[in-house]
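Visitor:
In UniProt numbering, the protein residues as written are 1 to 69.
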C-alpha cells in the first residue's frame, strides 16, 4: 500500500506508537526501515499531546450520574 501510494497520492496514517516501536508490529527491521523511509519523505508529522478528550467526557458523565443518585 505504501509503495503504491509513494509519490503518487496522499496517505494518512494515524498511530499511537513511536517510530521506534514499528519494528515490533511489522516484524522486519528492513521492511520497517523501507516503509518509514517512504512515509517520512516530504511528510507533515503532527503530534497530539495532552489530555484525552474521551477521558474528560467519561469523567463528566460519571459526575452527572453521581449527582442524579
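Beta carbons: idealized from backbone N, C-alpha and C, even for Gly.
So for residue 137, helix, strand or coil by DSSP?
Guide: Given that the chain is displayed from residue 1 to residue 69, the structure contains no residue 137 and the question cannot be resolved.
Visitor: For residue 38, which option in 9, 49, 61 has the closest C-alpha, if you only look at C-alpha atoms?
Guide: Closest option to residue 38, Cα to Cα, is 9.
Visitor: Helix or strand or just coil, what does DSSP make of residue 43?
Guide: DSSP places residue 43 in coil when its eight states are reduced to three.
Visitor: In terms of residue numbering, what span does the alpha helix (DSSP H) encompassing residue 58 cover?
Guide: That run of the alpha helix (DSSP H) goes 53-68.
Visitor: Which residue comes first and which comes last in the alpha helix (DSSP H) that contains residue 15?
Guide: Premise fails: residue 15 is in no alpha helix (DSSP H) and is neither H nor E.
Visitor: Please check the pair residue 31 and residue 19, which I expect to be a contact at CB under 8 Å, by giving their CB distance rounded to whole angstroms.
Guide: Between residue 19 and residue 31 the Cβ distance is about 14 Å, and since that is not below 8 Å, they are no contact.
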